[in-house]
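Chemist: Have a look at the structure that comes next, please.
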Amino acid sequence: MSTGDDDHRRQVHAAVQRALSGTTLPSEDYTAIRTWVNEELPQLQAAGYTSYIVFGSYRREYHRSLRIAQYELAKPTTTTAVVLGDTPSLGLTIGQGRTDPLEFELKFHLLTEFADRNVAIYEKDSGGEAVEFGLLRHDHCFAQTVVLPRDYYGVERDTFETKDEVLEVARHIALAADLDDSQKKAELRGLVVTARDNGIQLTEHELTAFLDEELDTRDSDEPAYSWVHLALFRRFEEANRCHTWHSEADLRESIARKPLNRRVDEIQLVF
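Counted from 1, the sequence shown has number 170 at position 159 by our numbering; the numbering is strictly sequential.
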């Protein structure tokens, strides 16, 4: 057996162990996993190709953004873009006819182990892709992941060019459902100081008046990113691998950016 075969086996084993977390499967399920690996992973390892795993929401109109990303990534003739939800079932018996609780994690860890990069599309209130996000921020995925959240303006930013940018970040903080009042006040005070450091004149009174008007006029059902989402976006943003978009045209442009199409080991965590 060649060294390449040994490396492949070690990678498969590592991915499966991460997913199982100590769970033992029936022998027929290990056979099913091997079959799936042999059928699905070769497309991610073709010589001369760049492979992407695309993450996002499958719900309602959000599904369109996921497909746009997949289409744009797959445009070059030497790329492959795979959506996890499009891959066939593993055929495990442990689920006993129900949706197998390990199905998602096994697929996730196997696909991300062998793909060159992960691209994740996020929109406010778009569904269960938050689970994927939590896994993508782990060390074995982080360095090869780019996140593209819609209408994200950044938090804890230390540079601003306009007052409107500051106010939009303030709005995100004020609407965060998982921050209490004291936490919001602390974040907003820090934001005012940062704005002044950037030469932007903004008083606490002016900011309070703006937020009072925003809170009075906002739709109570308006979706918002949780503070956890924002904190994770920030982690990717610090590595220059979080880029916002506001329209389908923006999304296509973000995906077409040259850094996204370069090898991770060439760009040293830039994008």
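Beta carbons are placed, not taken as given, at the ideal position from N, Cα and C, and that holds for glycine.
#1: Is DSSP giving S62 helix, strand or coil here?
#2: Please state if the CB of T91 and the CB of Y60 are separated by a distance shorter than 7 Å.
#3: Thinking L84 and T34 are a contact (beta carbons under 8 Å), I'd like their distance in whole angstroms, please.
#4: Do T255 and Y133 have their CB atoms nearer than 7 Å?
#5: Whole angstroms are fine: how far does the CA of A220 sit from the CA of Q28?
#6: Assess contact between the stretch 113-133 and the stretch 205-225, defined as three or more Cβ pairs (one per stretch) separated by less than 8 Å. Is contact present?
#7: Going by DSSP, name the residue or residues bridged to I184.
#8: On the CB-based measure, 16 or more other CB atoms within 10 Å of its CB, does T156 come out buried or exposed?
#9: Which residues in the same chain as E248 place their Cβ atom closer than 8 Å to its Cβ, once the five residues preceding and following it in sequence are excluded?
#10: Rank P87, N129, K135, T46 by C-alpha distance to the C-alpha of H74 and give the top, closest one.
#11: Residues in its own chain within less than 7 Å of C152 by CB, not counting five upstream and five downstream?
#12: Pairing CB atoms from the stretch 199-209 with CB atoms from the stretch 239-247, are three or more of them under 8 Å?
#13: If you check the beta carbons only, do L101 and W47 fall under 7 Å apart?
#14: Taking only three categories from DSSP, how would you classify T46?
#15: Given a threshold of 16 other Cβ atoms within 10 Å of its Cβ, counted over all protein chains shown, does K269 qualify as buried or as exposed?
#16: Excluding the five sequence neighbours on either side, which residues of its own chain have a C-beta within less than 6 Å of the C-beta of A187, listed in chain order?
#17: Could you work out which residue in D208, A43, R21, D16 is closest to T170 when comparing CA atoms only?
#18: Work out the CA separation of R148 and S38 for me, nearest whole Å.
#19: Would you kindly report the start and end of the unbroken alpha helix (DSSP H) that includes Y164?
#20: Looking at A126: is its Cβ nearer than 7 Å to the Cβ of L55?
#21: I'd like the list of long-range same chain contacts for V94, defined as Cβ closer than 6 Å, with 5 residues on each side in sequence excluded.
#22: Since R161 and L222 are thought to touch, with beta carbons under 8 Å apart, how far apart are those beta carbons, to the nearest angstrom?
#23: Taking 8 Å as the limit between beta carbons, can you name the residues of its chain near I211, skipping five residues before and five after?
Modeler: Looking at the coordinates:
#1: The residue given as residue 62 occupies position 51 in the sequence shown. It is a strand residue.
#2: For this step, residue 60 is matched to residue 49 along the sequence shown. For this step, residue 91 is matched to residue 80 along the sequence shown. Result yes, Cβ atoms of Y60 and T91 sit closer than 7 Å.
#3: Taking the sequence shown and counting its residues from 1, one reaches residue 84 at position 73. Taking the sequence shown and counting its residues from 1, one reaches residue 34 at position 23. That belief does not hold up - the Cβ atoms of L84 and T34 are roughly 33 Å apart, past 8 Å.
#4: Position 244 of the sequence shown, counting from 1, holds the residue named residue 255. Position 122 of the sequence shown, counting from 1, holds the residue named residue 133. With a cutoff of 7 Å on beta-carbon distance, T255 and Y133 are scored as not near each other.
#5: Against the sequence shown, residue 28 aligns to sequence position 17. Against the sequence shown, residue 220 aligns to sequence position 209. One C-alpha to the other measures close to 53 Å.
#6: By the Cβ test, the stretch 113-133 is not in contact with the stretch 205-225, since fewer than three Cβ pairs between them sit closer than 8 Å.
#7: Taking the first residue of the sequence shown as position 1, residue 184 is located at position 173. Bridge partners of I184 according to DSSP: none are assigned.
#8: For the purposes of this step, residue 156 is taken as residue 145 along the sequence shown, with counting starting at 1. The residue in question, T156, is buried, as its Cβ has 16 or more Cβ neighbours within 10 Å.
#9: Stepping through the sequence shown from its first residue, residue 248 is reached at position 237. G165, listed in sequence order.
#10: Within the sequence shown, residue 74 is the residue found at index 63, counting from 1. Scanning P87, N129, K135, T46 for the CA closest to the CA of H74 turns up K135.
#11: Along the sequence shown, one-based indexing puts residue 152 at 141. Sequence-distant Cβ neighbours of C152 in its own chain, meaning closer than 7 Å and more than five residues away, are T123, N129, L146.
#12: Taking a cut-off of 8 Å on C-beta distances, the stretch 199-209 does not touch the stretch 239-247, as fewer than three cross pairs fall below it.
#13: Along the sequence shown, one-based indexing puts residue 101 at 90. Along the sequence shown, one-based indexing puts residue 47 at 36. Yes, these two residues count as a Cβ contact at 7 Å.
#14: Position 35 of the sequence shown holds residue 46. When DSSP states are grouped into helix, strand and coil, T46 belongs to the helix group.
#15: Your numbering for residue 269 matches position 258 in the sequence shown. Only weak support is given to the placement of K269: the predicted model assigns it a pLDDT of 46, under 50, and the question is left unresolved by the model.
#16: Residue numbering aside, residue 187 sits at position 176 when the sequence shown is read from its first letter. Once the five neighbours on either side are set aside, the close Cβ partners of A187 are W238.
#17: Within the sequence shown, numbered from 1, the residue matching residue 170 stands at position 159. Of D208, A43, R21, D16, the residue nearest in Cα terms is D208.
#18: Along the sequence shown, one-based indexing puts residue 38 at 27. Along the sequence shown, one-based indexing puts residue 148 at 137. Straight across, the Cα-Cα distance linking S38 with R148 is about 32 Å.
#19: Translated into positions along the sequence shown, residue 164 becomes position 153. Going by DSSP, Y164 is part of no alpha helix (DSSP H) at all; its letter is neither H nor E.
#20: Position 115 of the sequence shown, counting from 1, holds the residue named residue 126. Position 44 of the sequence shown, counting from 1, holds the residue named residue 55. Going by C-beta atoms, A126 is nearer than 7 Å to L55.
#21: The residue labelled residue 94 in the question sits at position 83 within the sequence shown. If we look at V94 and ignore the five residues flanking it on each side, its Cβ neighbours are V65, Q81.
#22: As a position in the sequence shown, residue 161 is number 150, starting the count at 1. As a position in the sequence shown, residue 222 is number 211, starting the count at 1. Separation of the CB atoms of R161 and L222 is rounded to 22 Å, and the pair is thereby denied contact status at 8 Å.
#23: As a first step, residue 211 is located in the sequence shown; it is residue number 200 there, counting from the start. Hits under 8 Å: F171, T173, K174, V177.
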